[in-house]
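Read through the structure below, which is laid out as structure tokens, and then see the notes.
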Amino acid sequence: MASQPISIPPARVRSRDTSSNAQLLATGGVLREEVQDDEDEDENWTGLQLAAKDGDLSHVEDLLSQGADVNAPPRGYYGNTALQAACLFGHVDVASRLISAGAEVDAVGGNNGNRRALHQACAIGRASLVKLLLNSGADVNSPAGRYHGRTALQAAAEAGHMAVVQLLLDAGASVNAPPGATAGVTALAAAASGAYRDIAELLLENGAYVNAKPTRHKGLTALQAAALNGSLKVVDRLIEAGADVNASGSSFKGGTALHAASERGHIDIVERLLESGADIEAQSGWGNQTPLQSAAVCGQDEVVNLLISRGASGITKGGTILF
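Residues in the sequence shown are numbered consecutively from 2, following the working numbering.
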């Protein structure tokens, strides 16, 4: 007898803490333990999916013996197959049992990032789980989902899991796989966004394009990602590697690296970018605003004063938050 769907609340983003090791989902920034109820959306999980999520191997065994569908599709916006649920929470024993029962390792997940089991395992940094999936035929280069999606390598790089990044590269992961269409990032931009200089270095050594273009909607170049998140060491390394300091951002509300650093108030990075030839009057892809306007709209007075002292136009009104 197949297990019946059980209604549970959907996972929702409450915060993004890039220091929360082995917790960050690369597909949308969802933290495993930071979920809350949302009455506007029903999320139905089968009993097997719920048992897999909880790591309850005994219950998983019981449900499989009763004929539960090991490949029941994910339901709802944040749904997961049973295998994806096990991988999301790092339950290696449950994942192994589901695979032996015929779980499809490359099944596509719910609408939120279309995250597959391998993407989940890489995002939480569980190397043993990643090896299990790869040995079971998971595609190391399965594409990033359309919305906030990540490839396995992008997911591992974004969450700072060096050992998993190396494992994926050894398995043939494409270092320059394209980002997801909305809010996607390359592996290098993913590492830069988390200030993971060692991972950025490894990716560059393996041929990562330092000037890969951002995705059209809510995308970032690697340099823009580093500038936005305040990592001067990564900014320095990317500039050393030939990053274009004046590269355009996304066509929708995008800006240059100088816009990003100015908006967030990273004055050391603003100075470094200006020293490297950043255009102080560069215009964003939304509203044609300057870095000075970006700094002003976010109340970054120190950056405003610096930019004016370096010759910025002095027009501080009319800006909007870009990032």
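Ideal Cβ placement from N, Cα and C applies to all residues, glycine included.
Checklist entry - Does the distance from the CB of Leu58 to the CB of Asp94 come in under 8 Å? => result yes
Item to check | Meets three-Cβ-pair contact criterion under 8 Å: the stretch 143-153 and the stretch 171-183 | outcome: Contact check between the stretch 143-153 and the stretch 171-183: three or more CB pairs, one atom from each, fall below 8 Å, which counts as touching.
Next on the checklist: Spatial neighbours of Ile200 within its chain, please: C-beta separation below 7 Å, excluding the five flanking residues on both sides.
Outcome noted: Ala158, Gly161, Met163, Val166, Ala192
Next on the checklist: Whole angstroms are fine: how far does the CA of Gly319 sit from the CA of Gly173?
Outcome noted: If you draw a straight line from the Cα of Gly173 to the Cα of Gly319, it is about 47 Å long.
Next on the checklist: In the DSSP output, which residue or residues are listed as bridge partners for Phe325?
Outcome noted: Absent from the structure is residue 325, since the part of the chain shown begins at 2 and ends at 324.
Next on the checklist: Quick check: Val71 and Leu89, are their CB atoms within less than 8 Å of each other?
Outcome noted: no
Next on the checklist: Spatial neighbours of Leu323 within its chain, please: C-beta separation below 8 Å, excluding the five flanking residues on both sides.
Outcome noted: Shown here for Leu323: same chain residues with a beta carbon closer than 8 Å to its own, the five before and five after excluded, namely Gly250, Lys254, Gly255, Gly256, His260, Ala261, Glu264, Ser285, Trp287, Gln290, Ser295 in chain order.
Next on the checklist: On the criterion of 16 or more Cβ atoms from any shown chain inside 10 Å, does Asn306 qualify as buried, or is it exposed?
Outcome noted: exposed
Next on the checklist: Are the CB atoms of Ser277 and Val304 within a distance shorter than 8 Å?
Outcome noted: no
Item to check | 3-residue-minimum beta strand (DSSP E) runs that sit fully inside the stretch 74-108, ordered along the chain | outcome: none
Checklist entry - Is Ile270 buried or exposed, if buried means 16 or more other CB atoms sit within 10 Å of its CB? => result buried
Checklist entry - What is the C-beta distance between Gly312 and Ile281, in whole angstroms, given that I count them as a contact (C-beta under 8 Å)? => result 6 Å
Item to check | Beta carbon of Leu221 nearer than 8 Å to that of Leu204 | outcome: No, these two residues do not count as a Cβ contact at 8 Å.
Next on the checklist: What ranges does the alpha helix (DSSP H) occupy inside the stretch 114-163, keeping only unbroken runs of at least 4 residues that lie completely in it?
Outcome noted: 118-125, 128-136, 153-160
Next on the checklist: One question on the structure: do Leu51 and Cys123 come within less than 8 Å of each other, judged by their Cβ atoms?
Outcome noted: no
Next on the checklist: Let me confirm a value: Gly315 is counted as buried when at least 16 other C-beta atoms fall within 10 Å, else exposed. Which label applies?
Outcome noted: exposed
Item to check | Own chain partners of Gln85 with C-beta closer than 6 Å, once the 5 adjacent residues on each side are dropped | outcome: Gly110, Ala118, Gln121
Checklist entry - Which residues bound the alpha helix (DSSP H) around Glu62? => result 58-66
Next on the checklist: Could you pull the DSSP bridge partners for Thr183 from this structure?
Outcome noted: Tyr148, His218
Next on the checklist: Starting from Asn177, trace the alpha helix (DSSP H) in both directions and tell me its first and last residue.
Outcome noted: No alpha helix (DSSP H) holds Asn177; DSSP gives it neither H nor E.
Item to check | For His267, the first and last residue of its enclosing alpha helix (DSSP H) | outcome: His267 -> no alpha helix (DSSP H), and no H or E assigned at all.
Item to check | Distance between beta carbons of Val141 and Ala153, contact taken as under 8 Å | outcome: 6 Å
Checklist entry - Using CA coordinates, which residue listed in Lys219, Gly243, Asp302, Asp237 is at the minimum distance from Gly208? => result Gly243
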